[in-house]
Every structure is written in C-alpha cells, then in structure tokens.
Ligand SMILES: [Zn+2]
C-alpha cells in the first residue's frame with residue numbers, strides 16, 4: 230500500500246544512491262531478515278536468545294565482521310557481538326537490539342506469532358515492533374556498510390542482547406563481564422517513536438535521550454499475630470490497606486524535564502485546538518493552567534507517566550490461614566522515576582501521604598544512587614539522526630524524548646556514553662497498542678524507510694571523511 234508521497238521519497242533516495250536495483254534489494258533483505266528473526270522463538274522466559282545469534286552469525290561472518298557469541302551461565306542465553314573495523318581515527322559506534330521477546334497469548338492471535346507471516350503489506354509476529362523489527366533494521370544498515378565496502382573512521386559494533394525483557398544476564402551482566410567488547414563513543418538502542426498521522430504521513434519523530442528508572446519499594450505493616458476469633462485494633466492487613474488506599478488517591482506532582490518540555494511543545498505544534506493549547510499549557514509557566522491541562526492529557530496513561538514519578542502496586546502478601554491474624558503484611562510498589570528525581574525524597578513524600586509511622590518503608594540500597602543523566606543532544610549521532618529523520622520524513626517534527634519505561638541503555642548511560650533510542654519505523658497508535666499485545670505487526674514500507682534512515686545516519690557518523 231505505497232502512497233504517492235512514499236513512492237516519491239523512495240524514488241528520490243534511489244536517485245541519490247544511484248543504485249536503484251541494489252537499494253530495493255536491501256530493503257527486501259530487512260523484511261527477509263525480520264521473518265527469520267521472528268521464526269527464532271525467543272519468548273522470555275526462558276529466552277533462548279542463542280537462536281538469534283545462530284541466525285545472525287553466518288550473515289555477519291560472510292561479510293568479514295569479527296563475530297563473538299558470548300555464552301552466559303544459562304545454556305540457552307547468549308549475546309551476539311559483531312564488529313566491523315574502521316581505521317580507529319574515531320571511537321566506535323554501537324547499535325544494540327534485544328534478542329528476547331515477551332510471551333504470547335496464542336489463542337488471541339489470528340496468525341501464528343512465530344511464523345513471520347507477511348500479509349497486506351505487513352510482517353506479523355512477536356517482536357515485529359519490539360524489537361526484532363528494530364534489530365532487522367539496525368543489522369541491515371550495518372551489513373550494508375560491509376556489502377558496499379564503505380571505508381570507516383570508526384568501528385561499527387552490532388549487539389543482539391539477552392534478557393532485556395527480564396532475567397539476570399542482560400546488558401548490565403554483559404558490561405561487567407565483557408565491557409571492552411561493547412565500549413563505544415555513541416550508541417543507538419530502542420526508545421522513541423516515528424508516529425504517523427491518520428493519513429499515513431509522519432507526524433513526529435521522537436528520539437529518546439533518557440529512560441525512567443524502575444525501583445521496587447516495599448511497605449510492611451505489622452500487628453499482633455493471634456487467633457482470628459479475637460481481632461485487635463493493630464491488624465497488619467487493615468493497616469496496609471489504609472496505606473494503599475491513601476496512595477491510590479494520591480497524584481504525584483508534575484516533573485518536567487527539558488526533553489519532556491520539547492516533546493510536548495512538538496505535540497502542540499503538530500495538533501489542533503484544544504489539545505494544542507493543553508500540550509502547551511502542560512509545560513508552561515502557569516501552574517493552574519498546567520494542572521488543568523494535566524487533568525485532560527493525563528487520561529492517556531503514556532502521557533500521564535511521562536510527566537511524573539509514578540507509583541504502581543504490583544505485589545501484595547499477607548496471611549496464611551483462616552484462623553490466624555498474621556503478624557505482618559507487605560506490598561511491593563513499582564516506582565518509575567523521572568531522571569534527576571530523588572527516590573529518597575519521593576518516598577518521604579509518600580510517607581507523609583500515608584501518615585502512619587508504624588509502617589516500615591524500604592528502598593533497595595541501590596536506589597539512592599544518582600540516576601544516569603540524559604544523553605546530550607549535542608553529539609554527532611543525535612545531530613545525524615535528527616537530520617536523516619527530517620530527510621526521510623519531510624514535514625515531520627523531530628524531538629528528544631524521555632522514554633516512559635526502562636531499557637537496557639543504562640549499561641552505557643551509567644558509564645557516561647550517550648545512548649539514543651528509536652523504534653526505527655513509522656507506526657500508528659493501533660500498531661503501537663499491539664506491542665506486547667496480539668497480532669503485533671510492522672509495515673514493510675516502514676521497514677524500508679527505517680533502513681534507509683539508519684543507513685544514512687551511520688554513513689554520516691562512521692564513514693571516513
Ligand atoms: Zn523492547
């Protein structure tokens with residue numbers, strides 16, 4: 230379902246490249262690779278990411294990459310690292326993609342989630358968007374550099390990682406064990422979105438420069454453990470329930486980072502009234518207007534989460550039999566912190582909201598550590614991404630973005646290495662809602678545009694001048 234504007238863009242690209250046939254074959258190769266990646270079922274748990282290494286290794290070896298399969302202590306789990314050598318005049322650039330996917334509710338899919346089926350211009354399957362589609366785009370862009378024998382000023386490293394969706398042997402593990410193999414000056418990962426309008430044109434491209442951090446907070450209420458026939462006022466389950474009720478009614482205040490401000494300003498510029506006014510007010514200086522805007526915009530759970538630290542109870546435990554009042558009850562609350570926020574201060578706010586000094590609050594010891602700073606927008610890679618996004622999607626706005634969840638980018642950001650995130654294909658709201666859901670799919674036209682954009686970005690950042 231190619232639209233005229235897309236045909237025109239692609240044709241312009243072909244003309245620039247001067248190798249029409251080769252270019253179109255490259256785009257088809259992204260689709261073929263994605264289908265193979267989807268067919269390697271890496272639902273995590275258990276993951277079995279080694280399967281992805283086996284799909285990728287022959288393709289990279291054939292083109293002269295240094296290929297390394299890093300075995301973890303779990304036999305099914307491996308990381309895949311491929312390096313294309315530059316002349317060393319600049320430090321490496323790294324492209325990272327997680328090899329695992331979340332599981333499926335098979336009965337809710339209309340197509341086989343692990344067959345890589347193509348239908349109506351889309352590739353279907355678990356991971357089509359998150360993140361095997363991105364892995365296929367990143368891998369093809371990197372492979373194209375080798376196919377065309379582009380002379381490089383820096384090494385280009387491609388990494389397919391294990392355990393991003395959960396588990397122990399993720400990039401933090403890899404960084405502890407194999408840092409020299411993944412050390413780079415700049416890195417690209419999943420994160421921001423290339424969002425389409427209803428008419429299919431791209432509305433904006435958001436490039437994530439920071440992720441929220443995730444913290445498990447535990448609340449423990451204690452009371453007298455005794456026979457349930459003689460209840461006392463100090464019941465642990467009642468006390469915990471009162472605390473949870475107070476937290477459920479509490480709305481944490483707005484925390485607007487510079488990237489968030491730019492993101493909403495972009496939304497304002499690309500929307501019509503009244504939403505454009507609400508987006509502008511949300512990040513403006515008038516607190517009352519911001520509050521009113523928040524009450525409208527916050528109905529969208531994603532946008533609600535972008536502008537504050539969030540609290541989500543995820544586990545509750547207490548009691549073990551019908552005739553015993555338990556001595557304690559415990560809740561685990563998942564906190565998602567905006568970069569720069571102080572978790573200890575946020576928990577102090579929550580304690581005031583609950584107002585019960587008998588409840589014990591516990592943050593993990595690592596939560597006090599300073600969260601990684603957002604990656605700078607003033608780097609070669611960010612500027613190249615911005616320029617190539619504008620070139621590929623004329624008329625689209627480009628903005629930095631705070632990613633509402635966590636990714637595995639922390640391994641680099643915590644070491645001061647800039648990481649930029651993008652799901653490198655235009656998608657719409659319906660396609661986005663299928664991520665981690667059912668009938669996940671990515672459009673073939675979008676994969677082609679993403680491959681072209683990332684390839685040109687790499688040419689700008691890594692090619693020898
Ligand atoms: Zn992902």
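Numbering (the numbering used here), first residue to last: 230 to 694. Just so you know, even glycine gets a beta-carbon here, dropped at the ideal spot from N, CA and C.
Counting only runs of 3 or more residues that sit fully inside the region 329 to 390, the beta strand (DSSP E) segments are 351 to 353, 385 to 390, in chain order. Out of 540, 630, 467, 368, the CA that lies nearest to the CA of residue 555 is found in 467.
Residue 448 and residue 462 have their C-alpha atoms some 19 Å from each other. Here residue 324 is bridged, per DSSP, to 387, 417.
Assignment of beta-bridge partners to residue 546 by DSSP yields 559. Following the DSSP letters along the chain, one finds residue 650 inside the beta strand (DSSP E) bounded by residues 648 to 656.
Residue 685 and residue 392 have their alpha carbons spaced roughly 29 Å apart. With respect to residue 605, residue 351 sits apart: the two C-beta atoms are not nearer than 9 Å.
Here residue 585 carries a coil assignment [DSSP, helix/strand/coil]. Counted as a single uninterrupted DSSP element, the stretch harbouring residue 500 is not any beta strand (DSSP E), since DSSP gives it neither H nor E.
The Cβ atoms of residue 419 and residue 356 lie no closer than 9 Å to each other.
Annotation: the region 432 to 487 contains the following complete segments of the beta strand (DSSP E) (minimum length 3 residues), in chain order: 442 to 451.
Between the region 264 to 271 and the region 336 to 351 there are three or more C-beta pairs closer than 8 Å, enough to call the two in contact.
A heavy atom of ligand 1 is found nearer than 8 Å to the CB of residue 419.
Counting along the chain, residue 628 sits inside the beta strand (DSSP E) bounded by residues 626 to 632.
Note on residue 464: 16 or more other CB atoms within 10 angstroms of its CB, so buried under the neighbour-count rule. Looking at the DSSP output, residue 579 shares a beta bridge with no other residue. The DSSP-derived three-state label of residue 307 is strand. When secondary structure is reduced to three states using DSSP, residue 541 falls in the strand class. For residue 636, the shortest separation between its Cβ and any heavy atom of ligand 1 lies below 8 Å.
The way I'd put it, the region 577 to 585 doesn't touch the region 636 to 651; fewer than three beta-carbon pairs between them come closer than 8 Å.
Counting along the chain, no alpha helix (DSSP H) covers residue 299; the unbroken beta strand (DSSP E) around it starts and ends at 295 to 300.
One alpha carbon belongs to residue 608, the other to residue 601, and they sit about 17 Å apart.
Taking the Cβ of residue 360 as the reference point, at least one heavy atom of ligand 1 falls within a distance shorter than 8 Å.
Taken from the Cβ of residue 660, every heavy atom of ligand 1 lies 8 Å or farther away. Distance from the C-beta of residue 327 to the nearest heavy atom of ligand 1 is below 8 Å. Counted as a single uninterrupted DSSP element, the alpha helix (DSSP H) harbouring residue 677 occupies residues 673 to 691. C-alpha of residue 458 to C-alpha of residue 335: approximately 47 Å in a straight line. No heavy atom of ligand 1 is found nearer than 8 Å to the CB of residue 669. For residue 406, the CB contacts under 8 Å within the same chain, skipping 5 residues up- and downstream, are 299 in chain order. Shown here, residue 292 sits in coil according to DSSP, grouped into three states, outside any helix or strand. Counting along the chain, residue 618 sits inside the alpha helix (DSSP H) bounded by residues 609 to 621.
Residue pairing of residue 566 in beta bridges, as defined by DSSP: 442.
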